[in-house]
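Input: a single structure, listed below in C-alpha coordinates.
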Amino acid sequence: MTRVDFYHLQKQTLEDVLPKLLNKAYETGKNILIKVGTSERVEFLNSHLWTFNDESFLPHGSKKDGFAEAQPIWLTAQSDNPNAAVFLFLVDGAEIEPSQAEKFERIFNIFDGTAEQALQQARNLWKTYKESGFDVKYWQQDERGVWQLKA
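Per the numbering used here, the sequence shown starts with residue 190, numbered consecutively.
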(Lines of atoms letter the chains of each structure in order from A and count residues from 1; the text may use other names and numbers.)
(Lines give C-alpha, C1' and ligand atoms only; values in the text may rest on other atoms or scores of the structure.)
Protein backbone atom coordinates (compact mmCIF):
# COMPACT_ATOMS: atom_id res chain seq x y z
CA MET A 1 0.00 0.00 0.00
CA THR A 2 1.27 3.46 -0.89
CA ARG A 3 2.05 5.76 2.01
CA VAL A 4 1.28 9.45 1.49
CA ASP A 5 2.95 11.96 3.81
CA PHE A 6 1.68 15.53 3.91
CA TYR A 7 4.27 18.10 5.00
CA HIS A 8 2.68 21.36 6.15
CA LEU A 9 5.27 24.13 5.77
CA GLN A 10 4.93 26.88 8.36
CA LYS A 11 8.38 27.85 9.63
CA GLN A 12 10.54 27.17 6.59
CA THR A 13 10.30 27.46 2.83
CA LEU A 14 10.19 24.64 0.30
CA GLU A 15 13.73 25.58 -0.70
CA ASP A 16 14.87 24.97 2.90
CA VAL A 17 12.94 21.75 3.47
CA LEU A 18 13.14 19.93 0.14
CA PRO A 19 16.91 19.22 0.19
CA LYS A 20 16.70 17.83 3.74
CA LEU A 21 13.84 15.47 2.90
CA LEU A 22 15.51 14.47 -0.37
CA ASN A 23 18.74 13.63 1.46
CA LYS A 24 16.87 11.23 3.74
CA ALA A 25 14.98 9.66 0.84
CA TYR A 26 18.15 9.39 -1.28
CA GLU A 27 19.92 7.50 1.54
CA THR A 28 17.44 4.63 1.01
CA GLY A 29 18.96 3.97 -2.42
CA LYS A 30 15.57 4.27 -4.11
CA ASN A 31 14.92 6.48 -7.13
CA ILE A 32 12.99 9.70 -6.57
CA LEU A 33 10.69 11.71 -8.81
CA ILE A 34 9.92 15.33 -7.97
CA LYS A 35 6.77 16.57 -9.68
CA VAL A 36 6.71 20.36 -9.71
CA GLY A 37 3.80 22.68 -10.53
CA THR A 38 5.46 24.43 -13.52
CA SER A 39 8.39 23.95 -15.89
CA GLU A 40 9.92 27.23 -14.73
CA ARG A 41 9.96 26.02 -11.13
CA VAL A 42 11.48 22.71 -12.27
CA GLU A 43 14.55 24.57 -13.52
CA PHE A 44 14.67 26.84 -10.47
CA LEU A 45 14.62 23.84 -8.10
CA ASN A 46 17.06 21.95 -10.33
CA SER A 47 19.56 24.82 -9.94
CA HIS A 48 18.80 25.18 -6.25
CA LEU A 49 19.61 21.53 -5.56
CA TRP A 50 23.09 22.06 -7.02
CA THR A 51 23.82 25.07 -4.82
CA PHE A 52 21.86 24.70 -1.55
CA ASN A 53 24.87 23.43 0.42
CA ASP A 54 28.59 23.43 -0.38
CA GLU A 55 29.10 20.26 1.67
CA SER A 56 26.26 18.16 0.26
CA PHE A 57 25.54 16.55 -3.09
CA LEU A 58 22.24 15.24 -4.42
CA PRO A 59 22.63 13.71 -7.90
CA HIS A 60 19.67 14.88 -9.94
CA GLY A 61 18.52 16.20 -13.27
CA SER A 62 15.65 17.42 -15.41
CA LYS A 63 14.65 17.33 -19.06
CA LYS A 64 17.22 20.04 -19.72
CA ASP A 65 19.98 17.74 -18.43
CA GLY A 66 18.80 14.55 -20.14
CA PHE A 67 19.70 10.95 -19.27
CA ALA A 68 16.59 10.57 -17.12
CA GLU A 69 16.97 6.82 -16.71
CA ALA A 70 20.40 7.35 -15.10
CA GLN A 71 19.27 10.02 -12.63
CA PRO A 72 18.45 8.89 -9.07
CA ILE A 73 16.44 12.10 -8.62
CA TRP A 74 14.40 13.48 -11.53
CA LEU A 75 12.51 16.79 -11.60
CA THR A 76 9.56 17.26 -13.93
CA ALA A 77 6.30 19.14 -14.38
CA GLN A 78 4.93 16.22 -16.41
CA SER A 79 3.27 12.96 -15.37
CA ASP A 80 6.11 10.78 -16.63
CA ASN A 81 8.40 8.62 -14.48
CA PRO A 82 11.48 8.14 -16.68
CA ASN A 83 13.83 7.08 -13.86
CA ALA A 84 11.43 4.39 -12.55
CA ALA A 85 11.14 6.19 -9.20
CA VAL A 86 9.38 4.59 -6.24
CA PHE A 87 9.36 7.80 -4.16
CA LEU A 88 7.36 10.76 -5.43
CA PHE A 89 7.64 14.33 -4.14
CA LEU A 90 4.74 16.65 -5.01
CA VAL A 91 5.63 20.34 -4.69
CA ASP A 92 4.27 23.71 -5.80
CA GLY A 93 0.74 22.41 -6.20
CA ALA A 94 1.61 19.37 -8.34
CA GLU A 95 -0.89 16.53 -8.08
CA ILE A 96 -1.29 12.93 -9.14
CA GLU A 97 -4.42 10.82 -9.49
CA PRO A 98 -4.88 7.99 -6.97
CA SER A 99 -4.72 5.44 -9.79
CA GLN A 100 -1.23 6.74 -10.69
CA ALA A 101 -0.23 7.16 -7.03
CA GLU A 102 -0.53 3.41 -6.51
CA LYS A 103 2.60 2.98 -8.64
CA PHE A 104 4.71 4.60 -5.92
CA GLU A 105 5.84 3.17 -2.62
CA ARG A 106 5.74 6.55 -0.91
CA ILE A 107 4.53 10.05 -1.77
CA PHE A 108 5.70 13.23 -0.07
CA ASN A 109 3.24 16.09 -0.57
CA ILE A 110 4.91 19.31 0.58
CA PHE A 111 2.61 22.33 0.75
CA ASP A 112 2.79 25.95 1.90
CA GLY A 113 0.76 26.28 5.08
CA THR A 114 0.61 30.07 4.71
CA ALA A 115 -1.28 29.96 1.39
CA GLU A 116 -5.02 29.31 1.62
CA GLN A 117 -5.17 27.74 -1.85
CA ALA A 118 -2.37 25.29 -0.96
CA LEU A 119 -4.11 24.40 2.31
CA GLN A 120 -7.39 23.71 0.53
CA GLN A 121 -5.67 21.62 -2.12
CA ALA A 122 -3.90 19.59 0.58
CA ARG A 123 -7.20 19.00 2.40
CA ASN A 124 -8.83 17.81 -0.82
CA LEU A 125 -5.91 15.51 -1.63
CA TRP A 126 -5.92 14.14 1.93
CA LYS A 127 -9.60 13.30 1.61
CA THR A 128 -9.14 11.72 -1.83
CA TYR A 129 -6.19 9.58 -0.76
CA LYS A 130 -7.81 8.57 2.53
CA GLU A 131 -11.02 7.51 0.75
CA SER A 132 -8.90 5.57 -1.77
CA GLY A 133 -7.38 3.52 1.04
CA PHE A 134 -3.88 4.99 1.14
CA ASP A 135 -1.88 5.13 4.38
CA VAL A 136 -1.87 8.91 4.98
CA LYS A 137 0.23 10.81 7.51
CA TYR A 138 0.26 14.49 8.38
CA TRP A 139 3.43 16.29 9.47
CA GLN A 140 3.51 19.83 10.85
CA GLN A 141 6.42 21.94 11.99
CA ASP A 142 6.55 23.03 15.62
CA GLU A 143 7.74 26.47 16.74
CA ARG A 144 11.40 25.41 16.20
CA GLY A 145 10.71 24.01 12.74
CA VAL A 146 10.94 20.35 13.87
CA TRP A 147 8.53 17.97 12.11
CA GLN A 148 5.84 16.49 14.35
CA LEU A 149 3.59 13.63 13.22
CA LYS A 150 -0.04 14.70 13.81
CA ALA A 151 -1.99 11.84 12.24
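Each residue gets a CB set at the ideal place from its N, CA and C atoms; glycine is no exception.
Bear in mind the structure is a predicted one, so any value in this text is a computation, not a measurement.
Presumed contact (8 Å Cβ cut-off) between residue i and residue j, rounded CB distance
i: asparagine 158; j: serine 245; result: There is simply no residue 158 to check, as the chain begins at 190 and stops at 340 in what is shown.
C-alpha gap between residue i and residue j, whole angstroms
i: glutamine 310; j: glycine 218; result: 30 Å
i: glycine 255; j: valine 280; result: 21 Å
i: aspartate 205; j: valine 193; result: 21 Å
i: tyrosine 215; j: tryptophan 263; result: 12 Å
i: phenylalanine 243; j: alanine 257; result: Correcting the residue identity first, residue 243 is aspartate in this sequence and not phenylalanine. Looking at the two C-alpha atoms, the distance is approximately 24 Å.
i: aspartate 269; j: valine 335; result: 32 Å
i: lysine 319; j: glycine 250; result: 32 Å
i: glutamine 289; j: arginine 312; result: 19 Å
i: lysine 339; j: proline 261; result: 30 Å
i: glycine 282; j: threonine 265; result: 13 Å
Option nearest residue i by Cα separation, candidates the options
i: isoleucine 296; options: Leu308, Thr240, Trp315; result: Trp315
i: proline 287; options: Phe323, Gly250, Phe233, Leu238; result: Phe323
i: threonine 202; options: Asn270, Ile299, Lys339, Leu247; result: Ile299
i: threonine 240; options: Pro208, Phe195, Asn220; result: Pro208
i: methionine 190; options: Leu277, Glu291, His197; result: Glu291
i: phenylalanine 278; options: Tyr196, Gln337, Leu222, His197; result: Leu222
i: threonine 317; options: Glu232, Tyr196, Gln337, Ile285; result: Ile285
Beta-bridge pairing of residue i - partner residues as DSSP gives them
i: tryptophan 263; result: Leu222, Gly250
How about the segment 215-227 and the segment 327-339: do they share at least three Cβ pairs that are nearer than 8 Å? By the C-beta criterion, the segment 215-227 is judged not to be in contact with the segment 327-339, since fewer than 3 inter-stretch pairs fall below 8 Å.
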